[in-house]
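Residue numbers (UniProt numbering): 1 to 181.
This report concerns only the one structure given below.
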Amino acid sequence: MISASNDLAARFSTFQEEAFRLETLDDYSNSGNPAAFRAFLAGETKPADYNADWLETVRKATGSGKRMVRVHVLSRPLTPYLRYELSWGYQTNMTAGEEFHILDTTDRPNPLEGVPDFWLFDGREPVVLNYDENGAFTGPTFVPAPGALPTGEESEYATYRSVALAMSVPFTEWWGKHGAA
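Shown next as structure tokens:
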């Protein structure tokens, strides 16, 4: 893996067909929006502008026919952070066209054990997302250098994507069955 200073944010405006995200952690509370997480835990109402910047990114992509898809590997019972992410985050992001799936490992082995969080752009540009032991984002690693894979060659991350989608269920189906359990 080659660590690079490439701008991850730029990938969201330059991908052509699909941005896929695999989420594997139970707690990202030290990344993203800790204030919103605290508000959720305190029972406050979700702010009207919650996640506004991300929603704009998603709308731009999905409005031009691109897909943004996530699979979260999790098990029940949900952590407080996952309750927040699924009820505030996913449900809000779906309004902009982002697609979510759940790979629930509560009653089965994890088929992606040891696979890190990553974004995969257009099936060919993996970006591993690095987190510390407290769930704080420490930066991206671009794997391999952009454009290094020959045309037609599938990266291991494309295989992980295929497994994740094949073994998961749509979020709305999972949520309807398990809710915030």
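Where is the CB? At the ideal position from N, CA and C, for every residue including glycine.
Note that the structure is predicted; figures quoted are calculated from it, not measured.
Cα-Cα separation between residue i and residue j, rounded to whole angstroms
i	j	result
residue 83	residue 114	23 angstroms
residue 65	residue 73	26 angstroms
residue 97	residue 86	15 angstroms
residue 109	residue 76	13 angstroms
residue 162	residue 112	11 angstroms
residue 59	residue 90	14 angstroms
residue 47	residue 80	19 angstroms
residue 55	residue 38	21 angstroms
residue 175	residue 44	21 angstroms
residue 33	residue 51	9 angstroms
residue 172	residue 178	10 angstroms
residue 133	residue 31	12 angstroms
Run of the beta strand (DSSP E) containing residue i, from where it starts to where it stops
i	result
residue 93	Premise fails: residue 93 lies in the alpha helix (DSSP H), 91-94, not in any beta strand (DSSP E).
residue 24	Looking at the DSSP string, residue 24 is not in any beta strand (DSSP E), and its letter there is neither H nor E.
residue 65	Note, residue 65: premise wrong, no beta strand (DSSP E); not H, not E.
residue 139	137-142
DSSP three-state assignment for residue i, whether helix, strand or coil
i	result
residue 57	helix
residue 19	strand
residue 80	helix
residue 86	helix
residue 8	helix
residue 45	coil
residue 172	helix
residue 108	coil
residue 182	Residue 182 lies beyond the range of the chain shown here (1 to 181); nothing can be said about it.
Close beta carbons around residue i, own chain, < 7 angstroms, minus the five adjacent residues each side
i	result
residue 168	71, 101, 102, 103
residue 164	22, 71, 103, 112
residue 170	101
Among the options, nearest to residue i - alpha-carbon criterion
i	options	result
residue 144	135, 134, 118	118
residue 16	30, 67, 92	67
residue 95	105, 63, 28	63
residue 9	24, 61, 25, 36	61
residue 135	11, 25, 14	25
Start-to-end residues for the alpha helix (DSSP H) that takes in residue i
i	result
residue 163	156-167
Same chain only: Cβ atoms within 6 angstroms of residue i, ignoring 5 sequence neighbours per side
i	result
residue 120	20, 126, 157, 161
residue 116	128
Close-in-space but distant-in-sequence residues of the same chain around residue i (CB under 8 angstroms, 5 per side omitted)
i	result
residue 11	19, 119, 121, 125, 127
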